[in-house]
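Asks: Dumping the structure here so I can ask a few things about it.
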Amino acid sequence: MPYAVLEQKLRMVSERDFDFVSRFLDMVLANSREREKQNEAYSTMLDKSFEQLATGDVVVKSMDELRAMEQG
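So the sequence shown is numbered by the working numbering: it starts at 269 and just counts up by one.
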C-alpha cells in the first residue's frame, strides 16, 4: 500500500483509537523487519550450501548408510 494511501486511512481513525492503531502498525512493521532478517539469514545459508555443492564440499550417503551410522 502506498504511503499516501496509508496516511489518508490513518486520518480516518478516531483520536480515541489512534493509539491502538499506532501500536498495531508498529507491531506489524517490527514483524516485517524480523521476517526480512530471517529471510536474509536463510538466503545466506542457501548460498553457502550451493557454493559447497559447486566446489564438491559435500558428503553423499544413502539412507541405509545413514541408518547404519545412527545405530552405530
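By construction, the Cβ of each residue, glycine as well, lies at the ideal position given by its N, Cα and C atoms.
A quick note: this is a predicted structure, and the numbers were derived from the prediction, not measured.
To the nearest angstrom, report how far apart glutamine 306 and threonine 312 are at their CA atoms.
Replies: One-based indexing of the sequence shown puts residue 306 at position 38. One-based indexing of the sequence shown puts residue 312 at position 44. Taking the straight line from one Cα to the other gives about 10 angstroms.
Asks: To the nearest angstrom, how far is the alpha carbon of asparagine 275 from that of asparagine 299?
Replies: Here residue 275 refers to the residue found at position 7 of the sequence shown. Here residue 299 refers to the residue found at position 31 of the sequence shown. One point to set straight first is that residue 275 is glutamate, not asparagine, in the sequence displayed. Approximately 20 angstroms between the Cα atoms of the pair.
Asks: According to DSSP, is serine 282 part of a helix, a strand, or is it coil?
Replies: To locate residue 282, count along the sequence shown from 1; it is residue 14. If DSSP states are grouped into helix, strand and coil, serine 282 belongs with coil.
Asks: Tell me the DSSP secondary structure of aspartate 294 in three-state form.
Replies: Here residue 294 corresponds to residue number 26 of the sequence shown, with the count starting at 1. Aspartate 294: helix per DSSP, three-state reduction.
Asks: Rounded to the nearest angstrom, what separates glutamate 333 and serine 317 at their Cα positions?
Replies: Within the sequence shown, the letter at position 65 stands for residue 333. Within the sequence shown, the letter at position 49 stands for residue 317. Near 22 angstroms, if we compare the C-alpha coordinates of serine 317 and glutamate 333.
Asks: By Cβ distance, which residues of its chain are closer than 7 angstroms to aspartate 294, with the 5 residues on each side in sequence left out?
Replies: Position 26 of the sequence shown, counted from the first residue, corresponds to residue 294. No residues qualify anywhere along the chain.
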